[in-house]
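If you want it as structure tokens, here you go:
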């Protein structure tokens, strides 16, 4: 947004003081720039979801276009979910408000808004739960922390549950493991029952349902884009790559977020994958149908998540592949790791994934049959199957951003680091309380990567940016590596704003740069068409 | 995903722990434990009617008195206690108290055991051997 | 906010006082059953017995010229018997000697007075255990200064360096501080090693330090210390602050020495050698 | 701004006065000494069981552990077995550490805005320390109180008393746990009142149990160390309760005891309806009690139902011409 204040000013204005009024009495800030735009009705209709009563509306409106029996709908939906999700019920009951989570949320750190403390975010839902579903709340009402559901409460939900990126950082510190991501997911499901959803989530979801990917890329365009990358690769390396599409009988199906096909710097990562597979001579295929790893259903409802994810197994089965290899993506991997097998499984194709290059069997993916690309590449490196010249990345001083989902909903911490450290010579970690399971969100996860709330995103991403700034100042870090497509879209503006001079890359872009391809011409440019560092005498391959 | 059995098992264990006093007393308990055992007086004590102070006071405060005795004797070197009624006593657990209450088991221990109080007086101070 | 905090403290304070005051009243009620209990204004409840021996600073003169080994042993036996001092001597324990508890014991001249050996003293005399040593009840006792619980203290009334076994936590600082080795530590439960227990005197427990108490319990009932009684006149006990006392007269006439005088602890035990 | 503590404090004080007056003035010994304690205990048992069963009835559709360490993947990468458990055994260890040592709280950090626009995250253990102090001293106090409810008193109670009274100071011998409990509760209260963020999120339901527990601790300490109650009479009463032969002992017991007992009764009855149920909830937290092996072992969702998907056939139907044109293989020509 044009009127975004200067970084210094924005930083100075962060106020962590608590208001005088109790939080129940503070109305949500629904002024322009503070909310995500509601979804267009056509998306709701396309996805068979409940719609609002009006086509066009704004959260800033006093009256929201919801049906008259909206309270009943929410109440019934709530009740239903309490039965279907023990997590919800237990998280509603057990919080003792110890405050451990209070300053763990990036949105709270950045905005100072008390309702961005995970405890209060959950309390927005909890207060209604107490009022409607607990004995104490029914008898004692407010004294027991109960609060009747009003339009104001609904607006609060819309405001604050679309100010949570479901990053799970708070759940790391909670003594009972209360996971605000889970609470937010439930709240968004409830809001969706009234058609209250945001366009930046539902548009991609609708696209994905129709074309197989969020960006609505149709099969022929998908193929063209990939081939365009192949042309670039040929120009840079002199190696001609011809990937296959929807090819039956391939050993491996490769699925990556469509962001890697569409938007820089993800596209460079895509080129990295293609180079790697060519280097190995891998028997793989891409699919235009399962052309999306990401899943915006996760940010809508479990049903939508399941509907969107189904195509992966369906396509794997149709093509008769042995297993699926997945690209670098954050929430995609939360879905694959924790939900996919339960929702869309058991897999009715293939076998336990086995690397055709090293023979390593991925027992940890025995049932889901889906392997993360960094697991795959780390195994290759360990077995010395790749020829790399990390000095090609010598102009890059790299740090690694753990994406929320792979770190806190999967535990993928060492694999990307291992790959990265082989692909470059200058790697520095950010401070320890900001990485691994304590990593900070980019501020735009869970479908909030939308322009209209840019200031909120910059504030939410501040803790991450601040940690990058630390290594930027201290070690001269100029490259932020990550394994998430939303990160690759969200981090560049965040870096430009808070830490100018730091670029964002995927792990496999770094690998692609370093790979010594068979028959390649002498490279002078990296995958971004930028000159390679002056080729000094090759330093010994630093393998620490 | 059927973890209901596990949960019920956990709940039963929890209740067993919570209800410990009830089943413990039922199985291992001393019958009639809701009536406190009476401290038995020796003939000598019966004759004396009162202890160094009134019975009621002694019942509640004997440990405070003993505490005071030990401090005054050891630290101030005063070895004469003048009671409320003018009686004079040697403030000594072994020599005065146990002279009358020579039946530690029936007198001291009964209540102490009932209330699970384990005074460490006897670690150093002697008491008359019980004559069975 | 400030305001509300202050208000909180006030309310909280008052209410806790409220609950508290109620209960304290209940408490006082119980106490009032003996309105004039110990410590009330009816007058002193504790006193010294009339026959108690009193002094401002007890001291002792040991006339070693009058002592032989046998008397020394007798004094020790008597002292240890009435104070329930354990005897581990017949014991198999490999570290028995270290576990020894001593209140008073005979030693050789060279041990008692290191550095003051008389040059031409007959060998047999300088190595004859006829010097009874015990706690010196120093006027400036280092052991008192180091005790963290005040279990060791100097009685202001009569200068005896006392131990309150109830309070001793067995830290053994006093043992390190005492230059005379007058203190012993109960490494083991002493009770089994007491041959016939004196019921009038307590025993100690494992983990407690003990030493001579100048027979404070005997002085309180008008008796002389046990060793003095057993010494056949070789030990003279009395008030060092009283110029008319026997002990002062003796010290005025005879040349008496103290152990390690240069340390400045001012022992109250004197030796005529 | 925040009168929450006031409600709670006043409620607790009033409750105390009711019990005191009820016994001392109105002679309701039986009500406060027998009826209410039994009632409270029954409410506790039924309420607690109800809540747990209610929780257990809800499904666990997905395996959603919060992973706080390296997953098990390649053989040569060291798995974090506690924070990213793969087997049931590892889950049990994670849960035990969580329940017994409050491991997650131990990780706590404090966010600070430092010089040079630097945001810092400092490791702070105070909350963990206070919580540990509070919970463990409470446990010891509760176990110690079994001396009033058992005869003969079991060895572990006497043993615990010996440890607890290890210092052998003052008379009656000081039990550390009682003071630790009071200190723990007060520290938690002070945190709640003086840390602005915490004060802002706190509600009567947070203050009430704290004040109640402080009330219990204060009355308990008073009875032991200050105003002296007749312990033997009390044990007669409590043994009557524990052997289901309740009676009010002759001679009566100080009103202070009934205040203590009433507070305890209220607390016990309050547990199932309050946040104190976290003691049961922690066992059922799906982010902690599930293994991170969901790619290796399929987790069943009991209410899994078929959903409408966009099948490949429908997809090809939509784009067949374009696919053919682009040379992408199709099923139907």
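Residue numbers (our numbering), protein chains in the order written: chain A, 1 to 544; chain B, 545 to 676; chain C, 677 to 949; chain D, 950 to 1282. Ideal placement from N, C-alpha and C gives every residue a C-beta, glycine not left out.
query	result
Close Cβ partners of residue 930(C) (< 6 Å) along its chain, the five nearest in sequence each way excluded	948
Exposed unless 16 or more other CB atoms sit within 10 angstroms - verdict on residue 846(C)	exposed
Chain D within 7 Å of residue 529(A), Cβ atoms only	no
Whole-angstrom C-beta distance between residue 1239(D) and residue 1010(D), which should lie under 8 Å	About 11 Å; that fails the 8 Å criterion.
CB contact below 7 Å: residue 583(B) versus chain D	no
Within-7 Å CB hit, residue 1039(D) to chain A	no
Closest residue to residue 233(A) among 493(A), 294(A), 59(A) and 512(A) (Cα-Cα distance)	512(A)
Any chain B beta carbon closer than 7 Å to residue 882(C)	no
For residue 374(A), the first and last residue of its enclosing alpha helix (DSSP H)	373–382
6 Å CB neighbourhood of residue 961(D) in its chain, flanking five on each side removed	1160, 1161 and 1164
Cβ pair count under 8 Å reaching 3, the region 771–783 of chain C against the region 855–862 of chain C	yes
CB-CB length for residue 28(A) against residue 160(A), believed under 8 Å	7 Å
Where residue 30(A) sits in the DSSP three-state scheme	coil
Nonlocal neighbours in the same chain, by C-beta distance under 6 Å from residue 195(A), ignoring five residues either side	44, 50, 51 and 52
Within 9 Å of chain A by C-beta, residues of the region 1172–1193 of chain D in sequence order	none
DSSP bridge partner residues for residue 1061(D) (one or two, in chain order)	1069(D)
Residue-chain proximity (residue 489(A), chain D), Cβ-Cβ < 7 Å	no
Neighbouring residues, chain D, relative to residue 120(A) (Cβ below 9 Å)	1149 and 1150
Backbone CA spacing between residue 1093(D) and residue 105(A) [nearest angstrom]	41 Å
Contacts around residue 77(A), its chain only, beta-carbon distance under 8 Å, and the 5 residues preceding and following it disregarded	189, 190 and 193
Bridge partner(s) assigned by DSSP for residue 913(C)	736(C)
Pick from 873(C), 857(C) and 809(C) that is closest to residue 818(C), judged by C-alpha positions	857(C)
N-terminal and C-terminal residue of the alpha helix (DSSP H) that residue 1128(D) is part of	1125–1143
Ranges of the alpha helix (DSSP H) found wholly within the region 126–172 of chain A, counting only runs of at least 4	135–140 and 151–161
Under 7 Å from the C-beta of residue 1098(D): neighbouring residues of chain B	565
Cβ-based burial, residue 871(C) [other Cβ within 10 Å; buried from 16]	exposed
Where residue 71(A) meets chain D, residues with beta-carbon distance less than 9 Å	The premise fails here: residue 71(A) is roughly 23 Å from chain D at the closest Cβ pair, so nothing lies under 9 Å.
Distance between residue 482(A) and residue 390(A) (C-alpha atoms, nearest Å)	18 Å
Within-7 Å CB hit, residue 549(B) to chain D	no
Contacts of residue 721(C) in chain B (Cβ-Cβ under 7 Å)	625 and 626
Span separating the alpha-carbon of residue 1150(D) from that of residue 1217(D)	25 Å
Minimum Cβ-Cβ distance from residue 592(B) to chain D less than 7 Å	no
Helix, strand or coil at residue 366(A) according to DSSP, with G and I counted as helix	coil
Three-state class that DSSP yields for residue 71(A) in the structure shown	helix
6 Å Cβ shell around residue 1122(D) - same chain, five flanking residues per side excluded	1114
Uninterrupted alpha helix (DSSP H) stretches inside the region 304–337 of chain A (no shorter than 4 residues)	331–334
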